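Undergrad:
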């Protein structure tokens, strides 16, 4: 009788209770929120040229994530989401560095993400408004935590923000600093009005418009502290509709069949 030996070499063959969370890689994206510094020019050889921004007023570039003893370099651009960055299985924590070398100075250190896909929302130190020691809110970003047909509000400003979603008949709701809120969103056009609570106890509106949502999309909405400027809003708003990010496909099961005696 022909004898066949099947050996499973993948985690997918294990029961869920046997699969440890740290045995799979994690994926992250990063979003840096903030304002560009005031544009300044100088005259050089009769030509007007832009001055370099003052130190610390822009996110450092390049930066890298340390993953399993290696570095994963990437660039931070204000209000632009990075691509997916892979963190190797078993990496003890999330460590970002200013530069691309392992010996580069640390930028930020925090616990390793728990979700298969996470979003790191980076912003300048609220006290100094500088990027020397930025802060980060790490959010679960996978389909189970934040599915399509949902809208997520993320508040990294220092004010309570007020959101009215779906027209004047809908009741507004508030989101405290450092907090998030996920709501249902309709396909097509959604009316939205956002603002924040002032120090005097009133409300200041900062944006009112429509958000269009397509099939299989979700919407990320962010509030962040603006550079203090007289007569300007203290909080800025940024949003982006997007499809669910696709993670790279992992190799599931590798099947090995031992040769039969006649094949040897």
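In the numbering used here, the protein residues as written are 153 to 416.
Even for Gly, the Cβ is constructed at its ideal location relative to N, Cα and C.
Being a predicted model, the structure only gives us computed values, none of them experimental.
Would residue 182 count as contacting chain B if we go by Cβ distances under 7 angstroms?
TA: Among the protein chains of the structure shown there is no chain B, as only one such chain exists.
Undergrad: I'd like the span of the beta strand (DSSP E) that includes residue 281, first residue to last.
TA: One-based indexing of the chain shown puts residue 281 at position 129. Per DSSP, residue 281 belongs to no beta strand (DSSP E) and is neither H nor E.
Undergrad: Can you pull the DSSP bridge partners for residue 370?
TA: Reading the chain shown from its first residue, position 218 is the one you call residue 370. In the DSSP output, where bridge partners are listed per residue, residue 370 has 394.
Undergrad: Are the stretch 346-360 and the stretch 281-293 touching, with three or more C-beta to C-beta distances below 8 angstroms?
TA: no
Undergrad: So for residue 175, helix, strand or coil by DSSP?
TA: If you number the chain shown from 1, residue 175 lands on position 23. Helix, per DSSP.
Undergrad: I need the straight-line Cα distance from residue 314 to residue 253, nearest angstrom please.
TA: Indexing the chain shown from 1 puts residue 314 at position 162. Indexing the chain shown from 1 puts residue 253 at position 101. Roughly 42 angstroms separates the two Cα atoms.
Undergrad: How should residue 213 be labelled, buried or exposed, when 16 other C-beta atoms within 10 angstroms of its C-beta is the threshold for buried?
TA: Locating residue 213 in the chain shown gives position 61, counting from the first residue. In summary, residue 213 is exposed, with fewer than 16 beta-carbon neighbours lying within 10 Å of its beta-carbon over all protein chains present.
Undergrad: Cα separation between residue 309 and residue 220?
TA: By 1-based counting over the chain shown, the position of residue 309 is 157. By 1-based counting over the chain shown, the position of residue 220 is 68. Each residue's Cα considered, the two are about 33 angstroms apart.
Undergrad: Residues in its own chain within less than 6 angstroms of residue 234 by CB, not counting five upstream and five downstream?
TA: Working through the chain shown from its first residue, we reach residue 234 at position 82. 181, 182, 226, listed in sequence order.
Undergrad: The beta strand (DSSP E) with residue 360 in it runs from where to where?
TA: In the chain shown, counting from the first residue as 1, residue 360 sits at position 208. Looking at the DSSP string, the run of the beta strand (DSSP E) that includes residue 360 is 355-365.
Undergrad: Could you give the distance in angstroms between the alpha-carbon of residue 216 and the alpha-carbon of residue 251?
TA: Here residue 216 is taken as the residue at index 64 of the chain shown, counted from 1. Here residue 251 is taken as the residue at index 99 of the chain shown, counted from 1. When rounded, the distance between both Cα atoms is 6 angstroms.
Undergrad: Out of 297, 175, 343, 232, state which residue places its alpha-carbon closest to the alpha-carbon of residue 321.
TA: For the purposes of this step, residue 321 is taken as residue 169 along the chain shown, with counting starting at 1. Ranking 297, 175, 343, 232 by Cα distance to residue 321 puts 343 first.
Undergrad: By DSSP, does residue 200 sit in helix, in strand, or in coil?
TA: Along the chain shown, one-based indexing puts residue 200 at 48. Three-state DSSP puts residue 200 in a strand.
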